[in-house]
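I have placed the structure first, in the form of C-alpha coordinates, so that the comments after it can refer back to it.
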Amino acid sequence: KSNLLPEIRIRGKAAISDHYFFSEKNVPCFFIYTNGGKGYYHDVFDQAKELSLNNINELFNLMIEFYRSF
31 KSNLLPEIRI
41 RGKAAISDHY
51 FFSEKNVPCF
61 FIYTNGGKGY
71 YHDVFDQAKE
81 LSLNNINELF
91 NLMIEFYRSF
(Lines of atoms letter the chains of each structure in order from A; the text may use other names.)
(Lines give C-alpha, C1' and ligand atoms only; values in the text may rest on other atoms or scores of the structure.)
Protein backbone atom coordinates (compact mmCIF):
# COMPACT_ATOMS: atom_id res chain seq x y z
CA LYS A 31 0.00 0.00 0.00
CA SER A 32 3.07 2.21 0.09
CA ASN A 33 5.05 3.81 -2.71
CA LEU A 34 8.35 3.78 -0.85
CA LEU A 35 10.07 1.26 -3.10
CA PRO A 36 10.04 1.05 -6.89
CA GLU A 37 8.87 -2.55 -6.79
CA ILE A 38 7.65 -4.98 -4.16
CA ARG A 39 7.20 -8.61 -5.09
CA ILE A 40 5.05 -11.04 -3.16
CA ARG A 41 5.88 -14.70 -3.22
CA GLY A 42 4.53 -17.81 -1.60
CA LYS A 43 5.74 -19.34 1.63
CA ALA A 44 9.21 -20.84 1.65
CA ALA A 45 11.00 -22.25 4.69
CA ILE A 46 14.27 -20.48 3.84
CA SER A 47 14.69 -18.15 6.81
CA ASP A 48 13.67 -17.57 10.42
CA HIS A 49 10.55 -15.61 9.50
CA TYR A 50 8.84 -18.72 8.11
CA PHE A 51 8.29 -20.34 11.49
CA PHE A 52 6.85 -17.14 12.93
CA SER A 53 4.45 -16.86 9.99
CA GLU A 54 3.33 -20.44 10.56
CA LYS A 55 2.24 -19.39 14.07
CA ASN A 56 0.38 -16.33 12.69
CA VAL A 57 2.95 -13.85 14.00
CA PRO A 58 2.98 -10.82 11.65
CA CYS A 59 6.27 -10.90 9.79
CA PHE A 60 7.87 -10.67 6.40
CA PHE A 61 11.09 -11.63 4.68
CA ILE A 62 12.95 -8.69 3.16
CA TYR A 63 15.62 -8.59 0.54
CA THR A 64 16.47 -6.02 -2.09
CA ASN A 65 17.11 -6.59 -5.76
CA GLY A 66 20.37 -5.53 -7.34
CA GLY A 67 23.86 -5.73 -6.02
CA LYS A 68 26.03 -8.81 -6.25
CA GLY A 69 23.42 -11.29 -5.10
CA TYR A 70 25.51 -13.39 -2.73
CA TYR A 71 23.32 -15.23 -0.26
CA HIS A 72 24.61 -17.73 2.29
CA ASP A 73 27.78 -18.65 0.44
CA VAL A 74 31.50 -17.92 0.88
CA PHE A 75 31.13 -14.54 -0.87
CA ASP A 76 28.33 -13.40 1.46
CA GLN A 77 30.36 -10.90 3.49
CA ALA A 78 29.44 -7.61 5.16
CA LYS A 79 31.65 -5.60 2.79
CA GLU A 80 29.63 -6.97 -0.17
CA LEU A 81 26.24 -6.09 1.35
CA SER A 82 24.01 -4.21 -1.07
CA LEU A 83 22.38 -1.19 0.51
CA ASN A 84 20.12 -0.44 -2.46
CA ASN A 85 17.05 1.46 -1.28
CA ILE A 86 18.05 1.08 2.38
CA ASN A 87 16.33 4.32 3.47
CA GLU A 88 13.11 3.37 1.69
CA LEU A 89 13.28 -0.12 3.17
CA PHE A 90 13.75 1.34 6.65
CA ASN A 91 10.71 3.59 6.22
CA LEU A 92 8.64 0.63 4.99
CA MET A 93 9.54 -1.31 8.13
CA ILE A 94 8.54 1.68 10.28
CA GLU A 95 5.15 1.81 8.49
CA PHE A 96 4.71 -1.92 9.09
CA TYR A 97 5.54 -1.54 12.79
CA ARG A 98 3.15 1.38 13.21
CA SER A 99 0.30 -0.59 11.63
CA PHE A 100 0.03 -2.68 14.82
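Under the numbering used here, think of the first position of the sequence shown as 31, with each following residue one higher. Even for Gly, the Cβ is constructed at its ideal location relative to N, Cα and C. Since the model is a prediction, treat every value here as computed from it, not as a measurement.
Candidates ILE46, ARG39 and CYS59: closest to SER99 by CA position: Translated into positions along the sequence shown, residue 99 becomes position 69. Answer by Cα proximity: CYS59.
Simplified DSSP state of ARG51, which is helix, strand or coil: Working through the sequence shown from its first residue, we reach residue 51 at position 21. Before going on, a small fix: residue 51 reads as Phe here, not Arg. PHE51 falls in the helix class under three-state DSSP.
Of the listed residues LEU81, ASP73, ILE94 and PHE52, nearest to THR64 (C-alpha basis): The count along the sequence shown starts at 1 and reaches residue 64 at position 34. Here the closest residue by C-alpha is LEU81.
First and last residue of the uninterrupted alpha helix (DSSP H) at PHE90: Residue 90 sits at position 60 when you count from the first residue of the sequence shown. Per DSSP, PHE90 belongs to the alpha helix (DSSP H) from 86-98.
Sub-7 Å separation of LEU83 and LEU34 beta-carbons: Taking the sequence shown and counting its residues from 1, the one referred to as residue 83 is at position 53. Taking the sequence shown and counting its residues from 1, the one referred to as residue 34 is at position 4. Contact flag unset, no.
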